[in-house]
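Take the sequence shown: its letters are residues 43 to 184, numbered as in my numbering.
In this text, a Cβ means the ideal position worked out from N, Cα and C, and glycines have one as well.
Note that the structure is a prediction, hence the values are computed from the model and not measured.
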Amino acid sequence: MTSAAVRFDLPEPDAFTRPYWDAADDGRLLLRRCRSCGRAHHYPREFCPHCWSEDVDWETASGDATLYTWSVVHRNDLPPFGARVPYVAAVVDLAEGPRMMTEIVECEESALAVGMALRVAFRQEEGAQAVAVFRPVLRPGS
C-alpha cells in the first residue's frame with residue numbers, strides 16, 4: 043500500500059476559509075475587516091477579535107508589510123520543512139494593521155532588519171495550495 047508523505051506545511055481549507063485560499067491561488071492576500079469598528083484582522087475569523095461583531099467582510103490587502111520580528115530555523119524534522127532549512131520564520135506588520143505569521147524568502151539572513159519593507163509573494167508547488175510568504179521590496183539602486 044502506498045501513501046503520500048504526510049506534510050505539515052499545507053492548510054486544510056474549510057467552507058469559511060475557502061475564499062482566503064482561493065484568493066491565495068490567484069495571487070491575492072485577503073484580510074477580514076469589521077464593518078462595526080472598521081479594524082482589519084488576520085488570521086480569518088467569523089467575528090471581529092476587537093469588538094466581537096459578526097459584521098465582517100473579506101477585503102483584498104495591498105500586499106505591503108514591514109518586518110516585525112524573525113527567527114532563522116536551522117532544524118525542523120517535520121516534512122517538508124527539513125528540506126528547506128535554513129528558512130526565516132517571521133511576523134510582519136501588514137499595511138492594513140494586522141500582524142501575520144509568515145516566511146521571508148529571497149533574502150539573506152544578514153540583510154534582515156526590523157522595519158524593512160516587504161511584499162507578499164505566494165509559494166505554490168504543483169497541485170498544492172498557494173501559501174503567502176514575503177520578500178524584500180527592492181529599492182532603486184539596491
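Tell me which residues share the same chain as residue i and place their Cβ nearer than 7 Å to its Cβ, disregarding the 5 neighbours each side in the sequence.
i: glutamate 96; result: Glu88, Phe89
i: methionine 158; result: Thr108, Leu109, Pro178
i: proline 122; result: Arg49, Asp51
By how many angstroms is the C-alpha of residue j removed from the C-alpha of residue i?
i: arginine 81; j: phenylalanine 164; result: 25 Å
i: methionine 142; j: glycine 169; result: 25 Å
i: valine 175; j: cysteine 149; result: 12 Å
i: alanine 65; j: serine 152; result: 32 Å
i: valine 114; j: alanine 57; result: 34 Å
i: alanine 131; j: threonine 144; result: 6 Å
i: leucine 120; j: valine 133; result: 21 Å
i: leucine 160; j: isoleucine 146; result: 9 Å
Leaving out five residues on either side along the sequence, give the residues of the same chain with a beta carbon under 8 Å from the beta carbon of residue i.
i: serine 78; result: Cys90, Cys93, Ser95, Asp97
Thinking C-alpha only, which one of the options is nearest residue i?
i: tryptophan 112; options: Val156, Arg74, Asp99; result: Val156
i: serine 104; options: Thr59, Leu71, Val175; result: Leu71
i: glutamate 101; options: Val115, Val48, Val173, Tyr85; result: Tyr85
i: arginine 49; options: Pro140, Asn118, Ala65; result: Asn118
i: alanine 137; options: Glu54, Leu73, Asp56, Thr59; result: Leu73
i: alanine 125; options: His116, Val133, Val173, Thr144; result: His116
i: tyrosine 129; options: Leu154, Pro53, Pro140; result: Leu154
i: aspartate 67; options: Arg75, Cys76, Pro53; result: Pro53
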